[in-house]
Amino acid sequence: MRDDTFLQGATWRESLGRYERFVHERGAGRVLLLELGVGEMTPGIITLPFWSMAAKLPDAHLLSVNISGDSAPLQLGSKAEAIQADLGALLSAARVGDGA
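Numbering-wise (this note's numbering), the sequence shown opens with residue 1439 and increments by one.
As structure tokens, then:
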């Protein structure tokens, strides 16, 4: 059963600390937030923090790749883009295009 502590154990807290340090250290520079294959079950874990970060940081942009939808948050305007695609196929095509 999920509650307000779902996925938020010691590993989560350590990861949150790294994320917050990253934002503090690099927030003034250019940041590309990649949301790759993120589902809709737990938006508070990745999606909403990324939207918030893209909105707050002056030179941050969000790129979302998901098989089930291609809608970027309208409130982010040109700072967000969404691609509807199978992530595995997209990465395979990128690898072939890279000559690997």
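Think of the CB as a built atom: it goes at the ideal place given N, C-alpha and C, for glycine as much as any other residue.
Quick caveat, the model's predicted, so the values are computed rather than measured.
Requested in this report: With DSSP collapsed to three states, give me the class of Tyr1502.
Outcome: Position 64 of the sequence shown, counted from the start, is the residue given in the question as residue 1502. A small fix is needed here, since residue 1502 is Ser in this sequence, not Tyr. Here Ser1502 sits in strand by DSSP.
Query - Status (buried if at least 16 other CB within 10 Å, exposed otherwise) for Phe1488 - result: Stepping through the sequence shown from its first residue, residue 1488 is reached at position 50. Taking all protein chains in view, the Cβ of Phe1488 is crowded by 16 or more other Cβ atoms within 10 Å, so the residue is classified as buried.
**Report entry** Member of Ala1531, Thr1449, Glu1478 whose CA lies at the smallest distance from the CA of Ser1506
**Finding:** Counting from 1 along the sequence shown, the entry for residue 1506 is found at position 68. Nearest C-alpha to Ser1506: Glu1478.
Report task. Compute the beta-carbon to beta-carbon distance between Glu1473 and Leu1500, rounded to the nearest angstrom, for a pair I have assumed lies under 8 Å. Result -> Locating residue 1473 in the sequence shown gives position 35, where the first residue counts as 1. Locating residue 1500 in the sequence shown gives position 62, where the first residue counts as 1. Rounded, the Cβ-Cβ distance is 6 Å, consistent with contact.
Query raised in the report: Between which two residues does the beta strand (DSSP E) containing Leu1470 stretch?
Result: The residue you call residue 1470 lines up with position 32 of the sequence shown. Note, Leu1470: beta strand (DSSP E), 1469-1474.
Query - Option in Ala1492, Ser1509, Gly1482, Ile1484 with minimal Cα separation from Gly1465 - result: As a first step, residue 1465 is located in the sequence shown; it is residue number 27 there, counting from the start. Closest by C-alpha distance to Gly1465, out of Ala1492, Ser1509, Gly1482, Ile1484, is Ala1492.
Query raised in the report: Who are Ala1520's beta bridge partners in DSSP?
Result: What you label residue 1520 is simply residue 82 of the sequence shown in a count that begins at 1. Answer is Ser1502, bridged to Ala1520.
Query - From Gln1446, Gly1535, Leu1495, Gln1522, residue whose alpha carbon lies closest to that of Leu1471 - result: Translated into positions along the sequence shown, residue 1471 becomes position 33. Ranking the options by Cα distance to Leu1471, first place goes to Leu1495.
**Report entry** Cut-off 7 Å between Cβ atoms - residues of its own chain near Asp1508, not counting five sequence neighbours on either side
**Finding:** Here residue 1508 refers to the residue found at position 70 of the sequence shown. Only Ala1520, Ile1521, Gln1522 meet the Cβ criterion.
Report task. Using 10 angstroms around the beta-carbon of Ala1498, count the other beta-carbons present and answer buried if the total reaches 16, otherwise exposed. Result -> Sequence index remark: in the sequence shown, residue 1498 carries index 60 (1-based). When all chains shown are included, Ala1498 counts as buried.
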